[in-house]
Every structure is written in C-alpha cells, then in structure tokens.
Amino acid sequence: MTKIHQETFGSGKPIVLVHGWAMHTGIWRKFAKQLAQNFRVTCIDLPGHGQSEALQPFHLEQISELLASNIDNEPACWLGWSLGATVVLDFARRFPERCTALIMMTGNPHFTQLSTSEVQWPGMKIELLDSFASSLQENCQATLLRFLSLQVNGLQDYKKLMKELKTAVAEYPPPNEATLQGGLEILKSADLRATLSELSMPILSILGAKDALVPVAVGEYLQTLSPNMTVKVIDKAGHAPFLSHPNEVVAMISDFIEHHV
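Numbers -6 to 254, taken from our numbering, label the letters of the sequence shown in order.
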C-alpha cells in the first residue's frame, strides 16, 4: 500500500489538515502547532508530495481511498486548503462517517470559472491553469515560483510571505510532473458542487478578500448550494490566510468547532 506521511501535534478534538497543489506538511507546520494548542492536529502529505509515496494515477477517487486506509478511523474535522479542499469534499462524499465537520480554506468546489448565458460561477480562469500545465513541461521550478507568487500577490507583507512560502516548499523536492499535472487536472475538471449541497455535516468556508485564485465572490454561491454552511472572509488575506493571518484563522476554526462539532 502507498505510504502516506503524517505528523500529529497536540491533543483534543481531532483535525486533519490537507495541503494544496505542489505543497506538503511543512507549509503549515507552524500554523498546525498553533492550532494544536486546542486540538489534536494531524497534517498529511498528499501522495507524491513531501514524504508520501507517489500514486498513479493521481485521481480523486484513489486519493480518498488512500487517505481512508492510512488515516486513523476516528471521525475528525477535515480541513482542506485550495486543492486540499477539493480532496476533503470528495473524501466526505465517499466516507461521510469519518467526517464530523469540513473546513474549506480558500477552496472552491468548481475551481474554474463558468460564464455562459445559463450558468455563472466565480473561479480561476481555465486558461491560467492550462498555462501552468504547459509551462511545467518547460520549467517546473519557475512554474512553481509563479504559482507561489499568485498566492500572496498584492498583500502588505508580500516579501515576508513569499520568503516563508519558498523556505517551506524547499524542504522537500517538488512532486514529479505526473503528480503535478494530475493535481492541475483535478482543479480543472472536478465539480463537487452537488456534493457540497448534499453533505449534512457542519461546513466552514474561509476566504481571502484579496485571493487571486479563488474569488471572494464564491462565498455567496457556496451559501446558495449549502444554506447552513458558515462563510468567513478575511479582508486583507490572499490565498494562504493561515500564513498571513494565523491568529484570525485559528479563532475562526476554534469558534466553528466549539459551536458546531
């Protein structure tokens, strides 16, 4: 069986953290330890990322099955950031009994923008994801740096946050191209809007008003799909609010779990 790397901190109600595209547990280890002052926090490396073994094909169904077989059976709150939010939505669809609650951090159940006469949905332009997929083949490192810069672009502490992102990501070699392309394909093709509307567990969405990848406008659409979900917006945050505004994020998570889990 494919090995999934895990790191656990603290004690209390369990929370599982699932990182975003091309990242690994190191990206939020500092944040996880802060959150672990009140909870038992388990960070996992997605397959092919960090210290986890690669999985081919890198598809949602296989990822969810792998997490289910590797992570402790105890029901937990599953928190997914960006691509990780897509993963935890799919996991909750397949294993609802394993989820006491879901937290989508700058996540979007349909990551790409839809704009037709019949359907409107805010998201990332698919052409941008296509350009990432194409440039990966030419220069993987430059593509990853470009992606990192988009996550904090326009923020007041851009240089500090960019340095923190680069340092964390450089802790381990990047995933292989097949894994990276698989992650981009999930972001391009996954549509979990129907799943979101059908899930019965408590759900929290945390959005950044300055997010260049997941438009803050998606919050209204999310609540249309799932009227009982909680949507919180951090005004000066981008795509990685746990880096730029960790205290606010911890407070939001703690309040949500205290009142809903």
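All residues carry an ideal CB built from backbone N, CA and C; glycine is no exception.
Being a predicted model, the structure only gives us computed values, none of them experimental.
The straight-line gap separating the alpha-carbon atoms of T99 and H253 is approximately 20 angstroms. Restricting attention to A244, N240, S198, D248, the CA atom closest to the CA of I96 is found in S198. When DSSP states are grouped into helix, strand and coil, Q49 belongs to the coil group. For R33, DSSP records a beta bridge to P7. Of the residues assessed, D248 falls on the exposed side of the cut-off, its CB having fewer than 16 other CB atoms within 10 angstroms. With a threshold of 16 other beta carbon atoms within 10 Å, Q49 falls short and is exposed. With three or more CB-CB distances shorter than 8 angstroms, the stretch 219 to 238 counts as touching the stretch 194 to 208. If you ignore the 5 residues before and after H238, its C-beta comes within less than 6 angstroms of the C-beta of I227, A230, all in its own chain and listed in chain order. With fewer than three CB-CB distances shorter than 8 angstroms, the stretch 20 to 33 does not count as touching the stretch 51 to 62. Excluding residues up to 5 positions away in sequence, T18, C36 lie with their Cβ nearer than 6 angstroms to the Cβ of E0 in the same chain. Buried is the label assigned to D38, since at least 16 other Cβ atoms lie within 10 Å of its Cβ.
Here A47 has P40, G41, N169, T172 as same chain residues with Cβ atoms under 7 angstroms from its own Cβ, once five neighbours each way along the sequence are excluded. Between H12 and Y214, the alpha-carbon positions lie close to 23 angstroms from each other. Judged by pairs of C-beta atoms under 8 angstroms, the stretch 150 to 163 does not touch the stretch 61 to 72, as fewer than three such pairs exist.
For G201, the enclosing beta strand (DSSP E) has its first and last residue at 196 to 201. Between H103 and R186, the CB-CB gap stays under 8 angstroms. The Cβ atoms of G116 and P208 lie closer than 8 angstroms to each other.
Per the DSSP secondary-structure output, F2 pairs in a beta bridge with V34. At the C-beta level, I119 and S45 stay beyond 8 angstroms of one another. Its Cα nearest to that of T79, the residue W14 stands out among L107, W14, K26.
Among the bridge pairs identified by DSSP, V226 is matched with L200. The shortest CA-to-CA distance from G5 to any of T(-5), M16, K26, R22 is the one to K26.
Rounded to the nearest whole angstrom, the C-alpha separation of I196 and E54 is 21 angstroms.
Per the coordinates, the alpha-carbon of S108 lies some 23 angstroms from the alpha-carbon of Q144. For the pair L137 and L122, the Cα-to-Cα distance works out to about 12 angstroms. With 16 or more other CB atoms across the displayed protein chains lying within 10 angstroms of its CB, A183 is buried.
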